[in-house]
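Numbering (my numbering), first residue to last: 3 to 295.
Beneath this line is the structure, given in structure tokens, with notes to follow.
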């Protein structure tokens, strides 16, 4: 099943403190571990035991590149690897419902897939998290002063670059560990998480299998230019026409930029607010099945 040799190799590159943190996440004691190799062996054993007892698609938690992730997989050696990024003020658990629906009602449950629902690094109030800080009040004001087109025409916070680098490393390390070609990797996000997914898809050295955008927008001006390097990239976009958080016109602007760059883009407007419609899940299911075949 799992390649425990490769796992041990990966764990050996981590610090003792990181390894102890991983054991805590796994709810396993580090007592009796004298050397670093003992910690590595215990983590490998704990993961092996968990993998044996876990049912197909049953969610479990893993910390990858410092981020807490909810994982759902139908096979430990998947053919398809999907990353899903939640919106501003939400958390990984909110979007993990997408995975639950896919594995309960979708056809993808019969394919070999691994879904990674990453949690953003910056905590807001309570259980809300952000990929980088956003001043919502200032954005609302800009809507009325400069309009929808000028909404994101400003300097990005330093945390934007930090997060993009962290998540790019997470995506690359997971694909490498599982020996999955980037053409079988799907990047998917909602709202702020879709801006992250879009940035990763356009700035990665290789072309992903697909980019899936729910309530997206043209967050970075340079994306229009970057998209030219990803000619033929599969993109699926859904945006509610009554979206009061990320304006519908922002979704259209992103679509036009990608279309102009000759990406294979589908734009699905729907009658609804800032949400993921049912059709958005069934279309994602079909996309994953097509990629897996």
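All C-beta atoms in this analysis are idealised placements derived from N, C-alpha and C, irrespective of residue type, glycine included.
For residue j and residue i, the rounded distance between their alpha carbons
{"i": "residue 13", "j": "residue 176", "result": "13 Å"}
{"i": "residue 130", "j": "residue 121", "result": "10 Å"}
{"i": "residue 258", "j": "residue 82", "result": "28 Å"}
{"i": "residue 272", "j": "residue 107", "result": "21 Å"}
{"i": "residue 171", "j": "residue 231", "result": "20 Å"}
{"i": "residue 94", "j": "residue 109", "result": "23 Å"}
{"i": "residue 105", "j": "residue 126", "result": "30 Å"}
{"i": "residue 140", "j": "residue 162", "result": "17 Å"}
{"i": "residue 134", "j": "residue 69", "result": "14 Å"}
{"i": "residue 2", "j": "residue 63", "result": "Nothing can be reported for residue 2, as the shown portion of the chain is limited to 3 through 295."}
{"i": "residue 248", "j": "residue 238", "result": "17 Å"}
{"i": "residue 205", "j": "residue 270", "result": "24 Å"}
{"i": "residue 53", "j": "residue 173", "result": "21 Å"}
{"i": "residue 200", "j": "residue 33", "result": "44 Å"}
{"i": "residue 20", "j": "residue 169", "result": "18 Å"}
{"i": "residue 228", "j": "residue 166", "result": "15 Å"}
{"i": "residue 30", "j": "residue 192", "result": "34 Å"}
{"i": "residue 103", "j": "residue 87", "result": "16 Å"}
According to DSSP, residues forming a beta bridge with residue i
{"i": "residue 190", "result": "86, 214"}
{"i": "residue 62", "result": "73"}
{"i": "residue 92", "result": "131"}
{"i": "residue 120", "result": "71, 87"}
{"i": "residue 125", "result": "131"}
{"i": "residue 115", "result": "82"}
Expected contact under 8 Å - CB spacing of residue i and residue j to nearest Å
{"i": "residue 265", "j": "residue 233", "result": "7 Å"}
Quick check: the segment 109-117 against the segment 72-90, are at least 3 beta-carbon pairs closer than 8 Å?
Touching, per the Cβ criterion.
ask   = If you scan the segment 200-274 from start to end, which runs of the beta strand (DSSP E) of 3 or more residues do you find wholly inside it?
value = 212-216, 236-242, 266-272
Do the segment 29-39 and the segment 56-72 make contact, defined as three or more Cβ pairs closer than 8 Å?
no
_Inter-stretch contact at 8 Å, needing at least 3 Cβ pairs: the segment 277-286 / the segment 249-257_ = no
Does the segment 187-200 come close enough to the segment 208-219 to have 3 or more Cβ pairs within less than 8 Å? yes
* To do: With a floor of 4 residues, list each alpha helix (DSSP H) that falls wholly inside the segment 25-64, ordered by position along the chain.
  => 38-55
- request: Could you name each continuous alpha helix (DSSP H) segment of 4 residues or more that falls completely within the segment 155-181, going from the start of the chain to the end?
  value: 160-179
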